[in-house]
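Enquirer: Pasting a structure here, questions to come.
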Amino acid sequence: MCVMTAGCARTSSSSAPPTAGDAKTFLDHVNDTTLKLGIAQAQAGWVQQNFITDDTEAIAAGASQAANDAGARFAKESTKYDKVDVPADQRRMLTLLKTSLVLATPADPTESDELSKIMARLESAYGKGKWCPDPSKPDTCKNIDDVTHIMSVPGNEKALREAWEGWHTISPPMKKDYQRFVELSNKGARELGFADTGTMWRSKYDMPPDAFTAELDRLWDQVRPLYLKLHAYARMKLHAKYGDSVPADGPIPAHLLGNIWAQDWSNIYALVSPPNADPGFNLTDILKKRKMPALDMVRTGEHFYTSLGFAPLPKTFWERSLFVRPKDRDVVCHASAWDVDYVEDVRIKMCIEPTAEDFTTIHHELGHNFYQRAYKDLPVLFRDSANDGFHEAIGDTIALSVTPEYLVKIKLLDKAPDTSRDLGLLMTRALEKISFLPFGLLVDQWRWKVFSGEVKPDQYNKAWWDLRLKYQGVAPPSPRGEEFFDPGAKYHVPDNTPYTRYFLAHILQFQFHRALSKIAGCTLPLNRCSTYESQEAGKRLNAMLSMGQSRPWPEALDALTGSRQMDATAIIDYFAPLSTWLDEQLKGQKVGW
Ligand SMILES: [Zn+2]
């Protein structure tokens, strides 16, 4: 069988043209190898994150490298079958192999090696990034957690500005590497037949890359009016708080929204909270008062899914997951969901505290696990979400069902508050979800322009701030010339992780929630609907989840929602009461910048 190496592929292409039989043999091999390497990678990653040592890091890095190398090899080899007539499911697998790559390394070994080294340097520049207010005292340097904390406390404009500028000192040294990374990754993408890396990223959405871009514009236009209102209201309140540091009718300074990237405004809730909007209960207090153990919180989350008709989680889930922070060692506590054997060995890894946030996160992480189990019987290459926005959206969809009525049903709350109290809950959610949308969109808008060459290296920073102004309506707190490289101060840029998936997930979760609520027969306002205990909703959800990525995503979307189009109007429905209230608050105020 001649499918193991690139060298081998070259030999065979010089002989007879490949046949449909060769394609089948190739795909069988790819499915087998992907499974083996994927399991090895998941096992090594699990051990590394649960027992952080130099050795486990090396083992995990080796397993990842093996899986990534194979992925790159398979992508290249799949182009051999571009013109071979094969059955539709095999054609889809061949296409997925090519479009699933985030980074295509050039065939030239020197260039490929250079690119790997650049990627490692960029990642470590971010990972080790520190703001050192006084370089003569290295122990006062601040890492990302410290800066995040400073940015989260509103009040002191100068302190926030210094922290914001401080964090952005980590990225100028990345600029040269990033420029070279763009050249080399584009070269690799062109070898696979794509115009550039950005086009390769946009090619994975079952439609021509340009049509996908137009789809994003359409979705943004649907939600933009709501964002503009939230923006104008926040600006009004920030102007009252900070005076002329915040213009009455211009863009909001990027350092005053409670987050380094102004992508989540939850931390300014106290400044913008609607009056009389206290829902009258505090889930964190309830969980703490009851001393609810982590295991019971996870059982409650599982029960949500079994109430929809899903099978209970396997015994191994309870034996192998991590639920509480171990006392004896360092672990990566960032919540995550795992699918170790691609079949039944699903797990979550969290350091659960009795808080409302963790309670919701459990529902979110389990969403990944139930998705993974739903598609476990498909060929390995189809065991993923319909597009990369779907996986994140599922967990969040279920988290939207954690409503006061649900809390009453599971006996955590005696009585749901009156809907007149909803403004507080809606504002909380809007500060987290609506504020994110423009940022979720613009990160890749910038990268796509950079990859295509429309934005040249001498305009990297200008283009970044043009987009932040256009979409988010934020401005830097001080002039940012090309001596800075502000995109690099966001993890996903040096780490080269595509970002559009988060925008899609934010749109899709509301669309899913609206569709499932309707199926469940909910007649309450959308923000009060919970699909808990609806077998009908569970059936429709499972119909979509069990398709994995075996079919184009519009079909999967159709299986759940009855529509083949993404639709952001569910967001408008969900936030309707808040939107009306904002209209009243904004009478006579300028909206926009
Ligand atoms: Zn997630």
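Just so it is clear: in the sequence shown, position 311 is 298 by the working numbering, and no numbers are missing. By construction, the Cβ of each residue, glycine as well, lies at the ideal position given by its N, Cα and C atoms. Remember, it's a predicted structure, so these values are computed and weren't measured experimentally.
1. Taking all protein chains shown into account, decide if residue 221 is buried (16 or more other Cβ within 10 angstroms of its Cβ) or exposed.
2. Grab the span of the alpha helix (DSSP H) containing residue 273 for me, first residue to last.
3. Are the beta-carbon atoms of residue 193 and residue 540 separated by less than 9 Å?
4. Would you mind sorting residue 455 into buried or exposed? The rule is 16 or more other CB atoms within 10 Å of its CB.
5. Which of the three DSSP states is assigned to residue 182 in this structure?
6. I want to check one thing, is the minimum distance from the CB of residue 373 to the heavy atoms of ligand 1 below 8 Å?
7. Of all the options 401, 144, 109, 40, which has the alpha carbon lying nearest to the alpha carbon of residue 164?
8. For residue 382, verify whether its CB is less than 8 Å away from any heavy atom of ligand 1.
9. May I ask you to verify whether the stretch 65 to 78 touches the stretch 7 to 15, counting CB pairs closer than 8 Å and requiring at least 3?
10. Should residue 140 be labelled buried (16 or more other beta-carbon atoms within 10 Å of its own) or exposed?
11. Taking 8 Å as the cut-off, is the CB of residue 378 close to at least one heavy atom of ligand 1?
12. Can you round the beta-carbon distance between residue 414 and residue 249 to whole angstroms, since I take them to be within the 8 Å contact cut?
13. Considering only C-alpha positions, which residue in the set 345, 304, 243 is nearest to residue 334?
14. Provide the residue span of the beta strand (DSSP E) that contains residue 336, from first to last.
15. With DSSP as the reference, label residue 385 as helix, strand or coil.
16. Taking 8 Å as the cut-off, is the CB of residue 351 close to at least one heavy atom of ligand 1?
17. Which residue wins for smallest C-alpha separation from residue 174, given the options 35, 542, 96, 387?
18. Taking the C-alpha atoms as reference points, what is the distance between residue 562 and residue 149?
19. Name, in chain order, the residues that DSSP records as bridge partners for residue 443.
20. Check whether the Cβ of residue 355 lies closer than 8 Å to any heavy atom of ligand 1, and answer yes or no.
21. Ligand 1 heavy atoms versus the CB of residue 227: any closer than 8 Å?
22. State yes or no: is the C-beta of residue 568 within less than 9 Å of the C-beta of residue 387?
23. Among 123, 419, 513, which residue has its Cα nearest to the Cα of residue 564?
24. Could you give the distance in angstroms between the alpha-carbon of residue 574 and the alpha-carbon of residue 45?
25. Is residue 324 near ligand 1, going by C-beta to nearest heavy atom under 8 Å?
26. Determine, using beta carbons only, whether residue 421 and residue 558 come nearer to each other than 9 Å.
27. Excluding the 5 residues flanking residue 111 on each side, which residues of the same chain have their C-beta closer than 7 Å to its C-beta?
28. Evaluate contact between the stretch 527 to 539 and the stretch 372 to 390, counting only Cβ atoms and requiring at least three cross-stretch pairs below 8 Å.
29. Quick one, are the C-beta atoms of residue 391 and residue 515 less than 9 Å apart?
30. Are the beta-carbon atoms belonging to residue 494 and residue 554 less than 9 Å from one another?
31. Which word fits residue 102, buried or exposed, when buried means at least 16 other C-beta atoms lie within 10 angstroms of its C-beta?
32. Assuming residue 144 contacts residue 270 under a Cβ cut-off of 8 Å, what Cβ separation, rounded to an integer in Å, is found between them?
33. Would you check if the stretch 321 to 332 and the stretch 342 to 353 touch, i.e. whether three or more CB-CB distances between them fall below 8 Å?
34. Please look up how many angstroms separate the CB atoms of residue 535 and residue 370, rounded, as I've assumed it's under 8 Å.
35. Using DSSP bridges, identify the partner residues of residue 240.
36. Pull up the CB-CB distance for residue 385 and residue 291, whole angstroms please, since I reckon it's below 8 Å.
Expert: So, from the data block:
1. The count along the sequence shown starts at 1 and reaches residue 221 at position 234. Buried, since its Cβ has 16 or more Cβ neighbours within 10 Å.
2. Here residue 273 refers to the residue found at position 286 of the sequence shown. Counting along the chain, the alpha helix (DSSP H) containing residue 273 begins and ends at 270 to 276.
3. Mapped onto the sequence shown, residue 193 falls at position 206. Mapped onto the sequence shown, residue 540 falls at position 553. Closer than 9 Å, so yes.
4. The residue labelled residue 455 in the question sits at position 468 within the sequence shown. Its Cβ being crowded by 16 or more others within 10 Å, residue 455 is buried.
5. The residue given as residue 182 occupies position 195 in the sequence shown. Residue state, collapsed to three classes: coil.
6. Here residue 373 refers to the residue found at position 386 when the sequence shown is read from its first residue. No - ligand 1 has no heavy atom lying nearer than 8 Å to the Cβ of residue 373.
7. Residue numbering aside, residue 164 sits at position 177 when the sequence shown is read from its first letter. That would be 109, whose Cα lies nearest to the Cα of residue 164.
8. Start at 1 with the first residue of the sequence shown, and residue 382 comes out as number 395. Yes, since a heavy atom of ligand 1 falls inside the 8 Å radius drawn around the Cβ of residue 382.
9. yes
10. Locating residue 140 in the sequence shown gives position 153, counting from the first residue. Exposed, since its Cβ has fewer than 16 Cβ neighbours within 10 Å.
11. As a first step, residue 378 is located in the sequence shown; it is residue number 391 there, counting from the start. Residue 378: yes, Cβ under 8 Å from ligand 1.
12. Residue mapping note: residue 414 aligns to position 427 of the sequence shown, counting from 1. Residue mapping note: residue 249 aligns to position 262 of the sequence shown, counting from 1. Not confirmed; about 17 Å, so no contact.
13. Here residue 334 corresponds to residue number 347 of the sequence shown, with the count starting at 1. Comparing Cα-Cα distances from residue 334 to each of 345, 304, 243, the minimum goes to 304.
14. As a working mapping, residue 336 is identified with position 349 in the sequence shown. Counting along the chain, the beta strand (DSSP E) containing residue 336 begins and ends at 333 to 336.
15. If you number the sequence shown from 1, residue 385 lands on position 398. It is helical.
16. As a first step, residue 351 is located in the sequence shown; it is residue number 364 there, counting from the start. Checking every heavy atom of ligand 1 against the Cβ of residue 351, one is found closer than 8 Å.
17. As a working note, residue 174 is residue 187 in the sequence shown. If we check each option's Cα against that of residue 174, 96 comes out closest.
18. For this step, residue 562 is matched to residue 575 along the sequence shown. For this step, residue 149 is matched to residue 162 along the sequence shown. Straight-line Cα distance between these residues: approximately 35 Å.
19. Within the sequence shown, numbered from 1, the residue matching residue 443 stands at position 456. DSSP output for residue 443 lists no bridge partner at all.
20. Counting from one through the sequence shown, the residue named residue 355 turns up at place 368. Because some heavy atom of ligand 1 lies under 8 Å away, the Cβ of residue 355 counts as near it: yes.
21. As a first step, residue 227 is located in the sequence shown; it is residue number 240 there, counting from the start. Because no heavy atom of ligand 1 lies under 8 Å away, the Cβ of residue 227 does not count as near it: no.
22. Within the sequence shown, the letter at position 581 stands for residue 568. Within the sequence shown, the letter at position 400 stands for residue 387. No, the pair does not count as a contact, with Cβ atoms beyond the cut-off.
23. As a first step, residue 564 is located in the sequence shown; it is residue number 577 there, counting from the start. For residue 564, the nearest C-alpha among the options comes from 513.
24. Against the sequence shown, residue 574 aligns to sequence position 587. Against the sequence shown, residue 45 aligns to sequence position 58. Distance between the alpha carbons of residue 574 and residue 45: 59 Å.
25. The residue labelled residue 324 in the question sits at position 337 within the sequence shown. Result yes, Cβ under 8 Å from ligand 1.
26. As a first step, residue 421 is located in the sequence shown; it is residue number 434 there, counting from the start. As a first step, residue 558 is located in the sequence shown; it is residue number 571 there, counting from the start. Cβ atoms of residue 421 and residue 558: closer than 9 Å.
27. Residue numbering aside, residue 111 sits at position 124 when the sequence shown is read from its first letter. If we look at residue 111 and ignore the five residues flanking it on each side, it has no Cβ neighbours.
28. yes
29. In the sequence shown, counting from the first residue as 1, residue 391 sits at position 404. In the sequence shown, counting from the first residue as 1, residue 515 sits at position 528. Against a cut-off of 9 Å, the Cβ pair of residue 515 and residue 391 comes out as a contact.
30. Sequence index remark: in the sequence shown, residue 494 carries index 507 (1-based). Sequence index remark: in the sequence shown, residue 554 carries index 567 (1-based). Yes.
31. Looking up residue 102 in the sequence shown gives position 115. It counts as buried.
32. Here residue 144 refers to the residue found at position 157 when the sequence shown is read from its first residue. Here residue 270 refers to the residue found at position 283 when the sequence shown is read from its first residue. The Cβ separation is near 33 Å, so there is no contact.
33. yes
34. For the purposes of this step, residue 535 is identified with residue 548 of the sequence shown, where counting begins at 1. For the purposes of this step, residue 370 is identified with residue 383 of the sequence shown, where counting begins at 1. Residue 535 to residue 370, Cβ: 5 Å. Contact.
35. The residue given as residue 240 occupies position 253 in the sequence shown. According to DSSP, which records beta bridges pairwise, residue 240 is partnered with 462.
36. Position 398 of the sequence shown, counted from the start, is the residue given in the question as residue 385. Position 304 of the sequence shown, counted from the start, is the residue given in the question as residue 291. Residue 385 to residue 291, Cβ: 6 Å. Contact.
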